[in-house]
Each structure stands twice: as C-alpha cells, then as structure tokens.
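Novice:
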Amino acid sequence: MKIKVSVSMEKELYDMVKNKVAHSIFRNKSHVIEHAVETFLKGEQKGE
1 MKIKVSVSME KELYDMVKNK VAHSIFRNKS HVIEHAVETF LKGEQKGE
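For reference, each letter of the sequence shown is one residue, going 1 to 48 in the numbering used here.
1. Give the secondary structure of S24 by DSSP, where H, G and I count as helix, E and B as strand, and everything else as coil.
2. G47 by DSSP, collapsed to three states: which one?
3. Measuring straight from C-alpha to C-alpha, what distance separates L13 and K29?
4. How long is the line joining the alpha carbons of S24 and K18, rounded to whole angstroms?
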C-alpha cells in the first residue's frame, strides 16, 4: 500500500524532476522521487 508524502525542494531540483519525467521512463514525479529515495537508501546499506 502506498501513502501520500509531501516534500519541499528547491525550484531547480523540481525542474530537474519534471524534465526527467518528460524525457525518460518515469510515469510521474512521484515515481522519480520514489526511485531516487530507494536508490539512495540501498546505496547506504552497501556502505556507499
């Protein structure tokens, strides 16, 4: 089950997320952010 989360970010970062959605396989902004958080946390578990 997914839950709604609200985040605040700099406009430059937001624009990068929107651009990623427009030019890649991501369905929406939430998908980009979910993928980024998951990738970051998995990297931390590996000690990166």
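We treat Cβ as the ideally placed atom computed from N, Cα and C, and that holds for glycine. Treat the numbers as computed from the prediction; the structure is a model and nothing was measured.
Specialist: In short:
1. coil
2. coil
3. 11 Å
4. 10 Å
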